[in-house]
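Peer 1:
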Amino acid sequence: MTSAANLLALEPYGHGRTRAGYRHFTYWDSAIANLQVLDALGIREAHVLGTSQGGWIAVRMALLAPEVVRGVLLLGTSMDFESPRSRELGCWDGIAFNTPVVDLLAAPAGEDWVVPDEFVDGVFGTAMGGLSEEDRKFWLAAYRANYSGDAGRHRLRISTVNLRDRDGLHGRLDEVRCPVRWLHGTADQVYSVANAEEEIRMFTASPDARLEVVEGGQHFLSASNPVEVNAAALDLVRGS
Numbered sequence: 004m005t006s007a008a009n010l011l012a013l014e015p016y017g018h019g020r021t022r023a024g025y026r027h028f029t030y031w032d033s034a035i036a037n038l039q040v041l042d043a044l045g046i047r048e049a050h051v052l053g054t055s056q057g058g059w060i061a062v063r064m065a066l067l068a069p070e071v072v073r074g075v076l077l078l079g080t081s082m083d084f085e086s087p088r089s090r091e092l093g094c095w096d097g098i099a100f101n102t103p104v105v106d107l108l109a110a111p112a113g114e115d116w117v118v119p120d121e122f123v124d125g126v127f128g129t130a131m132g133g134l135s136e137e138d139r140k141f142w143l144a145a146y147r148a149n150y151s152g153d154a155g156r157h158r159l160r161i162s163t164v165n166l167r168d169r170d171g172l173h174g175r176l177d178e179v180r181c182p183v184r185w186l187h188g189t190a191d192q193v194y195s196v197a198n199a200e201e202e203i204r205m206f207t208a209s210p211d212a213r214l215e216v217v218e219g220g221q222h223f224l225s226a227s228n229p230v231e232v233n234a235a236a237l238d239l240v241r242g243s
């Protein structure tokens, strides 16, 4: 990848060490912050790759700054809100999955609080079909370091609220004017191939909107199928 492009990893609000200057943030805020980073670094054009929630942020960036975003690569995502339509097409029940977490994290916590192991196991069970013991130890440590104390509890709660209660993009997709490449795994437990097949056709103004189905691919597709994802990214960058 580095032979064809400069790579820049940007964390959405609520994840990693990135912090918003306010307690309540949305995916639109993350998209705006990402564009501000590009501007601060003097990057006038970029291709944007996003997995799941990152896909929503990538498309928001393309809508907000079409002169900057030259193409988007979407992995294991959905452009809908957590709608009945989405569930009818075989996607998960994001409301049922996330509401208990939102409720569990509602009360203030002490500074000794860390994210429960069950939350981490639930994320990777759904997104990757589980982890090896070595990988599970790594991610438990990473999550505990990030989501600790009352501030960590609140960031995790708002991130979960955003996931459950986000706005859909169906009414805006016909204004995306850059190439769109969408890769979706057949083993994705969160969003279905059937949903991706419908939604890729909503990018009616894109000069090249394509869906590639990856056999056996998981929700975290760049982890389960890096060869296919890297090839698609190179093709997108070199072609646009």
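Read in this note's numbering, the sequence shown has 200 at position 197, and its numbers run on one by one without any break.
Ideal placement from N, C-alpha and C gives every residue a C-beta, glycine not left out.
(1) Reducing DSSP to helix, strand and coil, say where arginine 169 ends up.
(2) Please go through the stretch 21-92 and give each complete alpha helix (DSSP H) segment of 4 or more residues, from N-terminal end onward.
(3) Provide the residue span of the beta strand (DSSP E) that contains tryptophan 185, from first to last.
(4) Here's a check: name, in chain order, each residue in its chain whose Cβ is nearer than 7 Å to the Cβ of alanine 235, leaving out the five neighbours to either side.
(5) In chain order, what residues of the same chain lie with their CB nearer than 6 Å to the CB of leucine 23, ignoring the 5 residues before and after it?
(6) Tell me whether glutamate 114 sits in a helix, a strand or coil according to DSSP, three-state version.
(7) Just tell me which of Gly93, Arg147, Asn101 has its CA closest to the CA of valine 118.
(8) Shortest alpha-carbon distance to valine 193 belongs to which of Val40, Pro210, Ala112, Leu78?
(9) Start and end of the alpha helix (DSSP H) containing alanine 1?
(10) Looking at the strands, I want to know which residues DSSP matches up with valine 216.
(11) Between valine 217 and threonine 80, what straight-line distance do the alpha-carbon atoms span, to the nearest angstrom?
(12) Classify serine 225 as helix, strand or coil using the three-state DSSP reduction.
(13) Looking at the structure shown, is serine 135 part of a helix, part of a strand, or coil, going by DSSP?
(14) Mind reading off the beta-carbon distance from proline 182 to glycine 74? Whole number of angstroms is fine, and I expect it under 8 Å.
(15) Taking just the CA atoms, how far does aspartate 191 sit from glutamine 221?
(16) Starting from the C-beta of aspartate 238, find all residues in its chain whose C-beta is less than 8 Å away, skip the five residues before and the five after it, and write them out in chain order.
(17) Using C-beta distances below 6 Å, list every residue in its chain close to arginine 158, excluding the 5 sequence neighbours before and after it, in chain order.
(18) Can you tell me the Cβ-Cβ gap for glycine 97 and leucine 166, rounded? I've got them flagged as a contact below 8 Å.
(19) Of all the options Arg26, His27, Leu13, Phe84, which has the alpha carbon lying nearest to the alpha carbon of leucine 38?
(20) Name the two residues that bound the continuous alpha helix (DSSP H) containing proline 103.
(21) If you measure between the beta carbons of methionine 82 and leucine 176, is that distance less than 8 Å?
(22) Using a Cβ-Cβ cutoff of less than 6 Å, which residues in the same chain neighbour serine 55 once the five nearest sequence positions on both sides are dropped?
Peer 2: According to the structure shown:
(1) coil
(2) 30-43, 56-67, 87-91
(3) 183-188
(4) Leu76, Arg184, Leu186, Glu215
(5) This sequence places alanine at residue 23; leucine is not what is there. The residues are Tyr16.
(6) coil
(7) Arg147
(8) Leu78
(9) Outside the shown range of the chain (4 to 243) lies residue 1, about which nothing can therefore be said.
(10) His187
(11) 13 Å
(12) helix
(13) coil
(14) 4 Å
(15) 5 Å
(16) Arg184
(17) Gly17
(18) 7 Å
(19) Leu13
(20) 97-107
(21) yes
(22) Gly79, Thr80
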